[in-house]
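Protein sequence lines, in the order shown, are assigned to chains A and B.
If you're matching positions, the first sequence starts at 2 in my numbering and goes up one per residue.
If you're matching positions, the second sequence starts at 2 in my numbering and goes up one per residue.
Backbone N, C-alpha and C define an ideal beta-carbon position, used for all residues, glycine too.
There are 2 protein chains.
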Amino acid sequence: MALPSSLEELIEALRCLPGVGPKSAQRMAYHLLQYNPRGATRLSQAISRAVETLRRCQRCNNFTEAEVCERCVSSRRDATQLCIVEMPVDLNAMEQTHAYNGLYYVLMGRLSPLDGIGPRELAFDRLLARVGDGVVKEVILATNFTNEGEATAHYLYEMLHARGLKVSRIARGVPVGGEIEYTDAATVAQALIERREY
Amino acid sequence: MALPSSLEELIEALRCLPGVGPKSAQRMAYHLLQYNPRGATRLSQAISRAVETLRRCQRCNNFTEAEVCERCVSSRRDATQLCIVEMPVDLNAMEQTHAYNGLYYVLMGRLSPLDGIGPRELAFDRLLARVGDGVVKEVILATNFTNEGEATAHYLYEMLHARGLKVSRIARGVPVGGEIEYTDAATVAQALIERREY
Chain A
2 MALPSSLEEL IEALRCLPGV GPKSAQRMAY HLLQYNPRGA TRLSQAISRA
52 VETLRRCQRC NNFTEAEVCE RCVSSRRDAT QLCIVEMPVD LNAMEQTHAY
102 NGLYYVLMGR LSPLDGIGPR ELAFDRLLAR VGDGVVKEVI LATNFTNEGE
152 ATAHYLYEML HARGLKVSRI ARGVPVGGEI EYTDAATVAQ ALIERREY
Chain B
2 MALPSSLEEL IEALRCLPGV GPKSAQRMAY HLLQYNPRGA TRLSQAISRA
52 VETLRRCQRC NNFTEAEVCE RCVSSRRDAT QLCIVEMPVD LNAMEQTHAY
102 NGLYYVLMGR LSPLDGIGPR ELAFDRLLAR VGDGVVKEVI LATNFTNEGE
152 ATAHYLYEML HARGLKVSRI ARGVPVGGEI EYTDAATVAQ ALIERREY
């Protein structure tokens, strides 16, 4: 006796969500049907609306409903600074600091030769066109401090520096509130190397 | 600068899934948009189809697309045995054993007075109508061995026994493959009390 086909399909479709395996998908499907059919309908509509209306901003490559996103057209942002991040979530994290008022460029990935992701896949030519607008003076590299993020930052530095742009990298070091005793050796070593005058 | 409204709505709507908080919802939304817009569309359709087509079986209370589910109308199942489970997932787990060929009744919950769930909320009158069909001879209680599951089993036993039905409860004991040394004391104690002749 199989499950009803529409239930089977729902469980299968839920597995496209990240981190959702067969057990979680089954739990989610029953939860929606039993406790929240209205939430389920709302979710169905939200997904189809998002897929239909969201596209990439022509300037920063982030998701937006317009041709160019609100941030890129804002006159209150400093257009001379361009911060390059890997993903939209990184942009959101940067914005939450309220410490940056420039513009962004979202790579939507990082260089990862083993996965076949190179400069072409990340459309570095689009990025070059963006930084060459004559307004951008400083590019801030805010890719992750993972191996791939570091490699991406290095590649971007070489590429952008060669075009005469000022390129900087956000700082590595002991986290705010962090105790040296409990910080990993590599981080402490970097914090020492990149020490600054007090 | 807020997120685009359709993205914001998608993140909010994803939170109706069990175990999904704001961070996971954000991750899921971006994942769908970036890597799997087709899967997202499929998910949207699967949800709306499931919500529209699935209803409760008139006989076993499980989800089905028909008036009465395939299992309840099957002539290959033993209609004299009725196994009562809390949830559809419990039914699925029982079926996976291939050790039972009777019919089921799904409570869609368990007695939980603190949450305001009593015999009325679980529609025990429907269950009574079901077991009183003149065909059912034995009712097997397969609610969980949690406090609430046990209380539900006890209540059901009293109710069904008073109507002259044979009522049994699935066995408690040391799990198959389990080592006594590592089994909790309460389970070992029960296994001892409920020992059977060899």
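Against chain B: residues of the stretch 41–66 of chain A by CB proximity under 7 Å: Sequence-ordered contacts of the stretch 41–66 of chain A with chain B read Ala-41, Thr-42, Arg-43, Leu-44, Ser-45, Ala-47, Ile-48, Ser-49, Arg-50, Ala-51, Val-52, Thr-54, Leu-55, Phe-64, Thr-65 and Glu-66 [C-beta pairs closer than 7 Å].
Buried/exposed call for Leu-193/B, threshold 16 Cβ in 10 Å: Counting from 1 along the second sequence, the entry for residue 193/B is found at position 192. Counting Cβ neighbours within 10 Å, Leu-193/B comes out exposed, since fewer than 16 surround it.
Run down chain A in chain order and give the residues with a C-beta less than 9 Å from the C-beta of Glu-149/B. Reading the second sequence from its first residue, position 148 is the one you call residue 149/B. The contacting residues do not exist; Glu-149/B stays about 16 Å from chain A at best.
For Val-90/A versus Gln-46/B, is the C-beta distance shorter than 8 Å? Here residue 90/A is taken as the residue at index 89 of the first sequence, counted from 1. Here residue 46/B is taken as the residue at index 45 of the second sequence, counted from 1. It is not a contact, given that the beta carbons lie outside the stated cut-off.
Counting Cβ pairs closer than 8 Å, one from the stretch 140–156 of chain A and one from the stretch 47–63 of chain A, do we hit at least three? Because the criterion of three Cβ pairs below 8 Å is not met, the stretch 140–156 of chain A and the stretch 47–63 of chain A do not touch.
Quick one: grab the DSSP three-state call for Ile-171/A. The count along the first sequence starts at 1 and reaches residue 171/A at position 170. Correct three-state label for Ile-171/A: coil.
Going by the beta-carbon positions, is the gap between Ala-214/B and Leu-15/B smaller than 8 Å? Residue 214/B lies beyond the stretch modelled for chain B, which goes from 2 to 199, so this question has no answer here.
Using a Cβ cut-off of 8 Å (strictly closer), state whether Pro-5/A contacts chain B. In the first sequence, counting from the first residue as 1, residue 5/A sits at position 4. Taking Cβ atoms only, chain B reaches closer than 8 Å to Pro-5/A, which makes this a yes.
Measuring only the C-alpha atoms, how far is Val-21/B from His-99/A? What you label residue 21/B is simply residue 20 of the second sequence in a count that begins at 1. What you label residue 99/A is simply residue 98 of the first sequence in a count that begins at 1. For Val-21/B and His-99/A, the distance between alpha carbons rounds to 27 Å.
Counting C-beta neighbours from all protein chains within 10 Å, is the total for Ile-181/B 16 or more, i.e. buried, or is it exposed? The residue you call residue 181/B lines up with position 180 of the second sequence. Ile-181/B comes out exposed.
On a Cα-Cα basis, can you pick out the residue from Val-140/A, Val-107/A and Glu-71/A that is closest to Ala-124/A? For the purposes of this step, residue 124/A is identified with residue 123 of the first sequence, where counting begins at 1. The shortest CA-to-CA distance from Ala-124/A to any of Val-140/A, Val-107/A and Glu-71/A is the one to Val-107/A.
Figure out for me which residue from Glu-87/B, Pro-120/B, Asn-62/B and Leu-8/B has the closest Cα to the Cα of Glu-66/A. Within the first sequence, the letter at position 65 stands for residue 66/A. Considering only alpha carbons, the answer is Leu-8/B.
Does the distance from the C-beta atom of His-32/A to that of Pro-19/B stay below 8 Å? In the first sequence, residue 32/A corresponds to position 31, counting from 1. In the second sequence, residue 19/B corresponds to position 18, counting from 1. In contact: His-32/A and Pro-19/B (Cβ atoms closer than 8 Å).
Listed by chain order, chain B residues near His-162/A by CB distance under 8 Å: Mapped onto the first sequence, residue 162/A falls at position 161. Contact annotation for His-162/A against chain B: no contact, minimum CB-CB distance about 29 Å [criterion: below 8 Å].
7 Å Cβ cut-off: residues of chain A touching Pro-19/B: Here residue 19/B corresponds to residue number 18 of the second sequence, with the count starting at 1. Within chain A, the residues near Pro-19/B are Arg-28, Met-29 and His-32.
Length-filtered (4 minimum) alpha helix (DSSP H) runs lying within the stretch 5–31 of chain B: If we require 4 residues or more, the alpha helix (DSSP H) runs fully inside the stretch 5–31 of chain B come out as 6–15.
Could you spell out the range, first to last residue, of the beta strand (DSSP E) harbouring Tyr-183/B? As a first step, residue 183/B is located in the second sequence; it is residue number 182 there, counting from the start. In the DSSP annotation of this structure, Tyr-183/B is not part of any beta strand (DSSP E), being labelled neither H nor E.
Measuring CA to CA, which of Gly-174/B, Val-132/B and Gly-178/B is closest to Tyr-158/B? Counting from one through the second sequence, the residue named residue 158/B turns up at place 157. The option with the nearest alpha carbon to Tyr-158/B is Val-132/B.
At what residue ranges does the stretch 61–133 of chain A contain a whole run of the beta strand (DSSP E), taking only runs of 3 or more? Those beta strand (DSSP E) runs which fall completely within the stretch 61–133 of chain A and span 3+ residues are 79–86 and 103–107.
Under a three-way DSSP split, which group does Val-177/B fall into? For the purposes of this step, residue 177/B is identified with residue 176 of the second sequence, where counting begins at 1. Correct three-state label for Val-177/B: coil.
Pro-5/B versus Val-86/A - alpha carbon distance: Taking the second sequence and counting its residues from 1, the one referred to as residue 5/B is at position 4. Taking the first sequence and counting its residues from 1, the one referred to as residue 86/A is at position 85. When the Cα atoms are used, Pro-5/B and Val-86/A turn out to be separated by approximately 19 Å.
N- and C-terminal bounds of the beta strand (DSSP E) containing Leu-142/B: Residue 142/B sits at position 141 when you count from the first residue of the second sequence. Its beta strand (DSSP E) spans residues 139–142.
Residue(s) in a DSSP beta bridge with Arg-57/A: Position 56 of the first sequence holds residue 57/A. Answer is Phe-64/A, bridged to Arg-57/A.
Can the beta-carbon of Cys-84/A be found closer than 8 Å to that of Asn-37/B? As a working mapping, residue 84/A is identified with position 83 in the first sequence. As a working mapping, residue 37/B is identified with position 36 in the second sequence. No, the Cβ-Cβ distance between Cys-84/A and Asn-37/B is not below 8 Å.
Please tell me whether Gly-96/A has its Cβ less than 8 Å away from any Cβ of chain B. As a working mapping, residue 96/A is identified with position 95 in the first sequence. Position check: residue 96/A holds Glu in this sequence, whereas Gly was assumed. It does; some Cβ of chain B falls within 8 Å.
So what does DSSP say about Leu-166/B, is it helix, strand or coil? What you label residue 166/B is simply residue 165 of the second sequence in a count that begins at 1. Leu-166/B sits in coil when the DSSP states are folded into three classes, being neither helix nor strand.
Please state if the CB of Met-2/A and the CB of Glu-96/B are separated by a distance shorter than 8 Å. Start at 1 with the first residue of the second sequence, and residue 96/B comes out as number 95. Start at 1 with the first residue of the first sequence, and residue 2/A comes out as number 1. In contact: Glu-96/B and Met-2/A (Cβ atoms closer than 8 Å).
With DSSP as the reference, label Arg-197/B as helix, strand or coil. The count along the second sequence starts at 1 and reaches residue 197/B at position 196. DSSP, read as helix, strand or coil, puts Arg-197/B in coil.
Test item: CB-CB of Glu-195/B and Ala-172/B under 8 Å: Within the second sequence, the letter at position 194 stands for residue 195/B. Within the second sequence, the letter at position 171 stands for residue 172/B. Taking 8 Å as the Cβ cut-off, Glu-195/B and Ala-172/B qualify as a contacting pair.
Once you ignore the five residues that flank Ile-48/B on each side, which residues in its own chain have a CB closer than 8 Å to its CB? Residue numbering aside, residue 48/B sits at position 47 when the second sequence is read from its first letter. Around Ile-48/B: no qualifying Cβ.
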